[in-house]
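Protein chains in written order, with the numbering used here: chain Z, 23 to 219; chain B, 23 to 219.
The next block holds one structure in the form of structure tokens; read it before the comments.
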DNA sequence: AAAGTTCACGTACCTTCAGTACGTGAAGGA
DNA sequence: TCCTTCACGTACTGAAGGTACGTGAACTTT
């Protein structure tokens, strides 16, 4: 094999090829239905290369999931940060999540296989460092400024993120385009319920 | 092997043994970490017997999940049906779900591995025939009687069931016993938001 | 610049697992 | 009593994840 460029460059190229191709395959076929041989063939390398970069199939999946999580978090933050009002940041952020998460590619990796492959607690921890943190942050701010009734933040965070995850999965499978609007309306209604009187 | 009793009896006994032992193992180790050899050893049969009853490992898991789903649905219905008022049925049913689903055994099978092993849509369909149907039923009744603001039932159902699933998973991992109360309070507050003015 | 070291892989192999083919003996019917 | 059915047990296979070790180019050292 003709190795191009410096060693660090080559290393990075191989790693990215593995992550990119496995992300594609995991998303379309699901973690369990994708073999390592299929991945390395698509990436144009061998299993030796894969195990030089990742200690296991699950570790490779973790790398993919991290990438997906960061992308989702970024796209949500983009939308939310465009708003001035904290309350509007919450609402628009939630709506952005519902829109972004409709992508089946994101769904399978982030919402379906993620918890099963890495275990729920690890999956939770990863969420917490990306998009979950934003949600908790905004909710905390809103409680502090008195917009939302004083209460523990964590239960609220999990209730909302769970509601949105499930709704996103359902929306992806639904045919009626009106479902998205209906869901967002119901969600906003629930959010409004949290507001202090 | 000394087969006791009639053929139908024996058949049922082995099937139940397989379901019982695999349920135990799936719950404690997770679907992926349990081998069929381990299951048949625990059940006191061989792989021939397993594949005579179930066409695949996933099918065996499906049988286990069905059993778990029915148990959960029954326990919730028990609590909810004790109430006269439809609204109180919703509230007590939701609270019952949070309490029941705290069991790690139920969690791993029903909430973590279920969607990944069977695929989300099949998992959703199974839910729909058990506990999910009760929730949709009650919500529909409440909308019909005007207690809840008129709106499509499905989005609401998914938002709520998703919120409760995630909350249950979090509660199981949490240490603070006050978390359960906090979550139930937050949930009830969200439910109340749905009420027509 | 030559020799030595590191490292990013490739090759060959092992183990385990889900799944299959086929044999067997008791239950049930004729 | 004979024949069929069926609920398994036994023995095997292919594929999958994972490992041990070799190799040659990139870097370091002298």
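Backbone N, C-alpha and C fix where the C-beta goes; we use that ideal spot for every residue, glycine too.
None of these values were measured; they are calculated from a predicted model.
What residue range does the alpha helix (DSSP H) around residue i cover?
i, result
"residue 101/B", "79–103"
"residue 36/B", "29–51"
"residue 61/B", "58–65"
"residue 122/B", "108–122"
"residue 148/B", "142–151"
"residue 191/B", "175–195"
"residue 71/B", "69–75"
On the DSSP bridge assignment, give the partners of residue i in chain order.
i, result
"residue 170/B", "217/B"
Can you check whether the CB of residue j is closer than 8 Å to the CB of residue i?
i, j, result
"residue 121/Z", "residue 169/Z", "no"
"residue 64/B", "residue 43/B", "yes"
"residue 251/Z", "residue 138/B", "With chain Z covering only 23 through 219, there is no way to say anything about residue 251/Z."
"residue 181/Z", "residue 209/B", "yes"
"residue 193/B", "residue 124/B", "yes"
"residue 2/Z", "residue 111/Z", "In the structure as shown, chain Z starts at 23 and stops at 219, and residue 2/Z therefore has no counterpart that could be examined."
"residue 216/Z", "residue 118/B", "no"
"residue 136/B", "residue 187/Z", "no"
"residue 37/Z", "residue 75/Z", "yes"
"residue 104/Z", "residue 156/Z", "no"
"residue 140/B", "residue 161/B", "no"
"residue 98/B", "residue 115/B", "yes"
"residue 134/B", "residue 213/B", "no"
"residue 58/Z", "residue 79/Z", "yes"
What does residue i touch in chain Z if you count any residue whose Cβ is under 7 Å from its own?
i, result
"residue 180/B", "188, 189, 192"
"residue 142/B", "134, 191"
"residue 201/B", "177"
Starting from residue i, find everything on chain Z with Cβ-Cβ shorter than 8 Å and list it in chain order.
i, result
"residue 214/B", "215"
"residue 123/B", "Here the premise fails: no neighbours, minimum Cβ distance about 12 Å."
"residue 195/B", "142, 143, 146"
Would you mind telling me which residues of chain B sit closer than 9 Å to residue i, beta carbon to beta carbon, in chain order?
i, result
"residue 9/Z", "In the structure displayed, chain Z extends from 23 to 219; residue 9/Z sits before or after that span and is not available."
"residue 173/Z", "204, 207, 208, 211"
"residue 137/Z", "133, 134, 135, 137, 138, 191"
Run down chain B in chain order and give the residues with a C-beta less than 7 Å from the C-beta of residue i.
i, result
"residue 183/Z", "188"
Kindly list, in the order they appear in chain Z, the residues whose Cβ is closer than 9 Å to that of residue i.
i, result
"residue 71/B", "Result: empty, since nearest Cβ-Cβ is about 25 Å, beyond 9 Å."
Three-pair Cβ contact test at 8 Å for the segment 160–177 of chain B versus the segment 160–180 of chain Z: no
Contact the segment 78–93 of chain B vs the segment 38–58 of chain B: 3+ CB pairs below 8 Å: yes
Contact the segment 49–60 of chain Z vs the segment 125–136 of chain Z: 3+ CB pairs below 8 Å: yes
Three-pair Cβ contact test at 8 Å for the segment 196–210 of chain B versus the segment 142–150 of chain B: no
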